[in-house]
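Following: one structure in structure tokens, then a few remarks.
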Amino acid sequence: KAGVTQTPRYLIKTRGQQVTLSCSPISGHRSVSWYQQTPGQGLQFLFEYFSETQRNKGNFPGRFSGRQFSNSRSEMNVSTLELGDSALYLCASSFGGLSGNTIYFGEGSWLTVV
Amino acid sequence: AQSVTQLDSQVPVFEEAPVELRCNYSSSVSVYLFWYVQYPNQGLQLLLKYLSGSTLVESINGFEAEFNKSQTSFHLRKPSVHISDTAEYFCAVGTGNQFYFGTGTSLTVIP
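Each protein sequence line maps, in turn, to chains Z and S.
Residue 961 is where the first sequence starts when you use our numbering, and the numbers rise one by one after that.
Residue 146 is where the second sequence starts when you use our numbering, and the numbers rise one by one after that.
Pasting the structure below:
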């Protein structure tokens, strides 16, 4: 069974640009969640999608958005990039929601904003 | 909101010595507990989990953790560490359809 796949693995963007990251969950998983990992803030929850609906959202500005498609694949978008958005963005999937279910992580997308 | 505390940010330990990585959380109401491990430049891998049943859970590589409801803790232990155990370890709590992570503990095994 293939794991969670994230693309691209590495990317460099300039301040003010936007970026779209993609995530393919484990087959059969309907929940996809996104996390930002930085040395200073650790792992922070961005949002969760289940069956194409955003069910939970963390404490991030509106520049961070996401969506989920009917095949459960998900994308997250960050607009008007800031230097502080440089981070490892992790996607995770689970069969059910975030409570009572194991979530499985992808390798992450390393975003550097210059 | 739930909070997860990993008191030790860095834990150095000699090879073959025992280790305990501590994790405490703020509420014991319907929580599900996890330990994840992150090796350099990789994503998080599930190490072990407590969903229900026996409070002592084990991983395939010798780690174990015990759910202690009265102390709201889920400490991770290994009786004898190996060089390959060097990594970042994250405690996580799933509750109320949210997922909360601790700040991580960097375990360094010294030869």
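Ideal placement from N, C-alpha and C gives every residue a C-beta, glycine not left out.
Quick one: any contact between the stretch 991-1000 of chain Z and the stretch 1026-1044 of chain Z, if contact means 3 or more CB pairs under 8 Å?
-> Enough Cβ pairs lie closer than 8 Å, so yes.
Would you verify that the beta carbon of Z/N1016 is, or is not, closer than 8 Å to some beta carbon of chain S?
-> It does: the Cβ of Z/N1016 has a partner Cβ on chain S nearer than 8 Å.
Close beta carbons around Z/Y1009, own chain, < 8 Å, minus the five adjacent residues each side = Once the five neighbours on either side are set aside, the close Cβ partners of Z/Y1009 are S991, V992, S993, R1015, G1026, R1027, Q1028 and S1034.
Continuous beta strand (DSSP E) stretch holding S/T250: start and end = Looking at the DSSP string, the run of the beta strand (DSSP E) that includes S/T250 is T250 to I255.
For Z/K1017, which option in Z/Q1001, Z/N1031, Z/G1002 and Z/Q996 has the closest C-alpha, if you only look at C-alpha atoms?
-> Out of Z/Q1001, Z/N1031, Z/G1002 and Z/Q996, Z/Q996 has the C-alpha closest to the C-alpha of Z/K1017.
Below 8 Å between beta carbons: does that hold for S/S171 and S/T231?
-> Their beta carbons are not under 8 Å apart, which means S/S171 does not touch S/T231 by this criterion.
Whose CA, out of S/S225, S/G188, S/T240 and S/L191, lies closest to the CA of S/S148?
-> For S/S148, the nearest C-alpha among the options comes from S/T240.
What does a CB cutoff of less than 7 Å around S/E203 pick up in its chain, not counting 5 residues either side in sequence?
-> Cβ within range, chain order: L193 and E209.
Under the assumption that Z/F1005 contacts S/Q243 (Cβ atoms under 8 Å), give the Cβ distance between them as a whole number of angstroms.
-> The beta-carbon distance between Z/F1005 and S/Q243, rounded to whole angstroms, is 7 Å. This is short enough to meet the 8 Å contact definition.
Contact set between Z/E1067 and chain S, taken where Cβ atoms lie within less than 9 Å | Simply N186, Q187 and G188.
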